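In this note's numbering, the protein residues as written are 22 to 376. Glycine residues also receive a C-beta, built at the ideal position from the N, C-alpha and C atoms. From a predicted model like this one, the values you see are computed outputs, not experimental measurements. First comes the structure, then the notes that go with it.
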Amino acid sequence: MHTLLRFYAFSFGFTAVCLALAGYYGWASTGSLGGMLSILWIVFVLSILEISLSFDNAVVNATVLREMDPVWQQRFLTIGILIAVFGMRIIFPIAIVSIAAQIGPWEAVELSLGNPEEYERIISSAHIGIAGFGGAFLAMVGLSFFFDSDKDVHWIASVEQAINRFSTVPAVEIGLVLSLVYGVSTMLAPDDALTFLTAGILGLVTYIGVNALGAIIEQREAAKKASGAIVRSGLGGFLYLEVLDASFSFDGVIGAFALSNNMIVIAIGLSVGAMFVRSMTIHLVKAGTLAEYRYLEHGAFWAIIVLGAIMLVSARYHIPETFTGLIGAILIGLSLFWSIRHNRAGRATNPVPDA
């Protein structure tokens, strides 16, 4: 319990501050106890939904973060949280409205507070482009984990081994994602199809670009290490994690409007969830949870593939966020169960001798 509190103490403190701010805002904006309690409840539900939808995000963050230099780990956990909270939960929706409505950022803020229904409509109208970009990027993240010729641990053995046999085929995962993006685009109206295709291609290009940058930086670091120089860089991994975080955030930001169209309420609720995702990431890295539970990564990356596919399909069909979160939770829960069973079987086969 003491260890858990060490990892999550800041998030609980941040939550208390956010709830206090939500309570003050609710009282100031409604002038009634009922209105204040209603806003507090919405903030609480939003934070729970964000946490439940983002556990796979925390697992994938941890898989990248554990390989990064400690300096860049700290930068991700400090600078990164500012980007996640203020960038994606506040600035990103305002930027969408500014671009879509061709108004200035301050006018977008005034619109969100003075005419929240119109603000919600503009945000929702950008869903097709967001679904194309985020879905393509996340699908690439998930598929790249399984299309890896060096991968020798398999959870769903029959499926993952079959996928692994094609891992030496160049760019096979890109072809799969492009096929899915094109297939969904054929179900859309012409204008929407063009937007969706463009966004999907940009998602692919972003994934390739971030990974290419990371590879270039790694090559330079390897050359410096060979010459005896001290290397302390993780810029490629940092940028990759930030884009990954943004892709996960798209769905939550859009889905939040199902509960409220108030920018302040949404920002507070989602920020609480974002902070807990960071705490979960730290917990997974520092406690060595990924190494202890053999298949946990597999469950998270399967959940990412499903989330990416759902985001792409959501351009045509509405899929409830609760369903998305439930699928992810089931996959991660099953992978955790299989990991525990594997560990018990290993201990039964190779018991630890008495001292």
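With a cut-off of 8 Å on the beta carbons, I'd call residue 61 and residue 52 a contact; round off their distance for me. Not a contact, Cβ separation roughly 15 Å.
To the nearest whole angstrom, what separates the beta carbons of residue 227 and residue 322, a pair I think is in contact under 8 Å? Going by Cβ atoms, the distance from residue 227 to residue 322 rounds to 19 Å, so no, they are not a contact pair.
Taking the continuous alpha helix (DSSP H) assigned at residue 299, which residues delimit it? 284-307
Does the count of Cβ pairs from the segment 145-162 and the segment 173-182 closer than 8 Å reach three? no
For a test of the three-state rule: what should DSSP assign to residue 70, helix, strand or coil? helix
To the nearest angstrom, how far is the alpha carbon of residue 211 from that of residue 219? 12 Å
DSSP-derived helix/strand/coil call for residue 315: coil
Nearest-angstrom Cα separation, counted from residue 66 out to residue 290: 8 Å
Let me know if residue 282 comes out buried or exposed under the rule of 16 or more other beta-carbons within 10 Å of its beta-carbon. buried
Identify, in the order they occur along the chain, each residue of the same chain with its Cβ nearer than 6 Å to the Cβ of residue 308, setting aside the five sequence neighbours on each side. none
Continuous alpha helix (DSSP H) stretch holding residue 161: start and end: 148-167
So, residue 225 versus residue 195, is the Cβ gap smaller than 8 Å? yes
May I have the straight-line CA-CA distance separating residue 31 from residue 350, to the nearest angstrom? 24 Å
Rounded to the nearest angstrom, how far is the Cβ of residue 204 from that of residue 325, given a contact under 8 Å? With a Cβ gap of about 19 Å, residue 204 and residue 325 do not count as contacting.
Tell me whether the beta-carbon of residue 119 lies closer than 8 Å to the beta-carbon of residue 129. yes
Where does residue 362 fall in DSSP's three states? helix
Can you tell me whether residue 85 is buried or exposed, with buried defined as 16 or more other CB within 10 angstroms of its CB? buried
List the whole-angstrom C-beta distance separating residue 353 from residue 76, where the pair is believed to meet the contact cut-off of C-beta under 8 Å. 6 Å
Are residue 187 and residue 168 touching if we call contact CB-CB under 8 Å? yes
Considering only their Cβ atoms, is the gap separating residue 201 from residue 234 smaller than 8 Å? no
Cα separation between residue 217 and residue 329? 14 Å
In chain order, what residues of the same chain have a beta carbon less than 8 Å from the beta carbon of residue 69, not counting five sequence neighbours either side? 294
Using a Cβ-Cβ cutoff of less than 8 Å, which residues in the same chain neighbour residue 310 once the five nearest sequence positions on both sides are dropped? 83, 304 and 317
Under the rule that 16 or more other beta-carbon atoms within 10 Å means buried, what is residue 375, buried or exposed? The predicted model places residue 375 with a pLDDT of 48, which falls under 50 and marks its position as unreliable, so this point remains unresolved.
Could you check the C-alpha separation between residue 251 and residue 257 for me, to the nearest Å? Unreliable placement is indicated for residue 251, whose pLDDT of 42 sits below 50; the coordinate value is still reported in the next sentence. Answer to the nearest angstrom: the Cα atoms are 17 Å apart.
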